[in-house]
Amino acid sequence: GMLIITRLLRHGLIEQTDSDLDKRSKLIRISERGLEVLEKQMEKIRKATNIVAGNLNHHEKMDLIRILNKLDHFHYPIFSRNIHSDELINTVYDEYIFKEL
């Protein structure tokens, strides 16, 4: 969180200002330099996206997104508990009912 923001600030990729509404808060926005760096990386991001999607058609990509979102909704409450890795599998298995589909 904050370490990433500090690093982005140090490299001039984002700008930080005080909030007019809440003096305890800071507002962060991408800087001109940050936009330039992002734009230079977009072609690589697009290529990586195509590689990850493989030969899926549009409908299959939408199905994949729907399924991944469903899994994310299932896993988020589990991993947000920060269960130690030694106990994770047994704890989750014991607390959730896994039925055959």
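So the working numbering is basically just the index in the sequence shown, starting at one, shifted up by 927. Idealized CB from N, CA, C, for every residue including glycine.
| Query | Result |
| --- | --- |
| Between which two residues does the alpha helix (DSSP H) holding arginine 934 run? | 929-937 |
| Counting along the chain, where does the beta strand (DSSP E) carrying aspartate 945 start and finish? | 941-945 |
| State the start and end residues of the unbroken alpha helix (DSSP H) segment that holds arginine 993. | 985-1006 |
| Taking just the CA atoms, how far does histidine 1000 sit from valine 1019? | 15 Å |
| Can you name, in chain order, every residue of its own chain whose Cβ lies under 6 Å from the Cβ of serine 952, other than the five neighbours on each side? | Ser946 |
| Who are the near neighbours of isoleucine 941 in its chain, counting only those whose CB is closer than 8 Å to its CB and skipping five residues on each side? | Ile932, Leu935, Ile955, Arg956, Ile957, Ser958, Gly961 |
| In angstroms with no decimal places, state the Cα-to-Cα distance between asparagine 1017 and serine 1007. | 16 Å |
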